[in-house]
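In the working numbering, the protein residues as written are 28 to 395.
Quick reminder that beta carbons are idealized off the backbone N, C-alpha and C, glycines included.
Predicted model, so just to flag it, every value in this text is computed and none were measured.
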Ligand SMILES: *Cc1c(COP(=O)(O)O)cnc(C)c1O
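(1) May I ask you to list the residues that DSSP assigns as paired with residue 241?
(2) Measure from the alpha carbon of residue 99 to the alpha carbon of each residue in 111, 85, 343, 124, then state which is nearest.
(3) Heavy atom of ligand 1 less than 6 Å from the Cβ of residue 99, yes or no?
(4) What does residue 13 pair with, by DSSP beta-bridge criteria?
(5) Along the beta strand (DSSP E) that carries residue 184, what are the first and last residues, could you check?
(6) What are the boundary residues of the beta strand (DSSP E) that includes residue 106?
(7) In whole angstroms, what separates the C-alpha of residue 297 from that of residue 228?
(8) Is there contact here, the stretch 76-89 with the stretch 307-323, by at least three beta-carbon pairs under 8 Å?
(9) In the DSSP assignment, the alpha helix (DSSP H) including residue 154 goes from what residue to what residue?
(10) Leaving aside the five residues before and after residue 251 along the sequence, list all residues of the same chain whose C-beta is less than 8 Å from its C-beta, in chain order.
(11) Under the rule that 16 or more other beta-carbon atoms within 10 Å means buried, what is residue 89, buried or exposed?
(12) Just curious, the alpha helix (DSSP H) that residue 42 is in, first and last residue?
(13) Rank 104, 223, 205, 372 by C-alpha distance to the C-alpha of residue 85 and give the top, closest one.
(14) Need the endpoints of the beta strand (DSSP E) that residue 369 sits in, please.
(15) In angstroms, rounded to a whole number, what distance separates the CA positions of residue 72 and residue 320?
(16) How is residue 308 classed by DSSP in three states: helix, strand or coil?
Following this line, the structure appears as structure tokens:
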């Protein structure tokens with residue numbers, strides 16, 4: 028029996044080993060482990076990649092989201108609109124900033140926050156909308172930005188799954204006031220540990236996040252606000268700079284695998300393959316199919332060596348951690364239906380045709 032991993036970080040490391048090892052060795056030789064020129068270089072490169080004036084490297088994606096809200100002066104008594112269908116960190120960032128997440132259901136075809144439902148979630152306390160480019164497909168940003176303008180709201184992009192995703196040929200992370208990225212190892216651009224960043228064109232916001240991540244100091248030991256320690260680790264920056272050079276190609280390979288899955292899975296059982304909107308450049312962080320037989324299919328695949336995932340099995344409003352928000356089952360029917368039907372198949376740039384064929388064979392066997 029073959030084993031097809033859900034992601035394969037070992038093969039990716041092998042493919043760039045000498046460059047990554049050299050880059051890490053340079054940091055070790057300098058013994059310069061906190062900030063410094065390696066971090067500066069990655070920030071410059073990533074800002075260029077996204078097409079923003081600034082990138083500020085941070086310790087992880089959750090901190091990126093939290094600090095984005097903080098520098099927009101969003102906190103106690105404020106509300107932030109987020110999708111019900113997202114990873115928990117989106118909501119945690121809002122509560123960590125002291126504000127209240129207000130949930131909105133998602134679009135059934137793109138899985139992204141449904142712009143048509145945003146207006147009815149706006150109250151006098153609403154300060155921001157935080158769309159999440161979930162799975163690596165962009166949210167429909169134009170109507171979101173239009174609503175934000177109309178109501179005087181900030182927009183913060185959760186681009187944790189969207190390194191290279193484009194909306195109408197424009198890079199995610201450059202579409203609103205602040206873009207927030209995670210470089211968790213399993214993301215399309217992943218570090219060798221925790222890492223994250225914000226991107227923005229706003230000098231003042233960038234400068235303030237830069238200060239807060241480093242104890243709120245203006246210059247050494249001169250602390251002008253109560254900051255924190257949320258710096259991007261220098262060794263991680265070294266790894267990320269090497270990997271960034273390959274990101275476009277890796278995303279392209281993922282898109283090719285997605286096309287191939289779509290062809291091979293067409294007409295198999297009741298499977299729905301993921302939709303890519305005409306305005307989207309999808310980077311397939313996740314390749315998510317839908318079926319009524321999800322649990323049984325996942326069990327069958329697991330028994331036959333195919334690793335899969337569910338992103339995510341419980342929408343935010345049904346998480347025990349967020350019972351205080353007062354939502355109940357049925358409040359976000361699209362997100363709830365998806366949570367029961369979705370299954371993420373193995374997807375990574377290095378996925379071989381033969382491995383993909385095996386995954387599809389096992390899915391076909393299940394439906395026969
Ligand atoms: C990964 C992720 C985050 C959090 O990033 P970390 O680096 O793990 O803190 C936030 N939002 C979404 C949508 C994510 O997928």
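With the structure as the only source:
(1) Taking the chain shown and counting its residues from 1, the one referred to as residue 241 is at position 214. Bridge partners of residue 241: 256.
(2) Position 72 of the chain shown, counted from the start, is the residue given in the question as residue 99. Of the listed residues, the one whose Cα sits closest to residue 99 is 124.
(3) If you number the chain shown from 1, residue 99 lands on position 72. No, Cβ of residue 99 sits at least 6 Å from all heavy atoms of ligand 1.
(4) With the chain represented from 28 up to 395, any question about residue 13 goes unanswered, as that position is not in the structure.
(5) Counting from 1 along the chain shown, the entry for residue 184 is found at position 157. Segment 181-185, the beta strand (DSSP E) holding residue 184.
(6) Within the chain shown, residue 106 is the residue found at index 79, counting from 1. 106-110 is the extent of the beta strand (DSSP E) around residue 106.
(7) Locating residue 297 in the chain shown gives position 270, where the first residue counts as 1. Locating residue 228 in the chain shown gives position 201, where the first residue counts as 1. C-alpha separation (whole angstroms): 45 Å.
(8) no
(9) Position 127 of the chain shown holds residue 154. Per DSSP, residue 154 belongs to no alpha helix (DSSP H); it is in the beta strand (DSSP E), 153-156.
(10) By one-based count along the chain shown, residue 251 stands at place 224. These residues qualify, in order along the chain: 238, 243, 244, 245.
(11) Taking the first residue of the chain shown as 1, we reach residue 89 at position 62. Residue 89 comes out buried.
(12) The residue you call residue 42 lines up with position 15 of the chain shown. That run of the alpha helix (DSSP H) goes 36-57.
(13) As a first step, residue 85 is located in the chain shown; it is residue number 58 there, counting from the start. It is 223 whose Cα lies nearest to the Cα of residue 85.
(14) Taking the first residue of the chain shown as position 1, residue 369 is located at position 342. That run of the beta strand (DSSP E) goes 369-372.
(15) As a first step, residue 72 is located in the chain shown; it is residue number 45 there, counting from the start. As a first step, residue 320 is located in the chain shown; it is residue number 293 there, counting from the start. In a straight line, the C-alpha of residue 72 is about 44 Å away from that of residue 320.
(16) As a position in the chain shown, residue 308 is number 281, starting the count at 1. Residue state, collapsed to three classes: strand.
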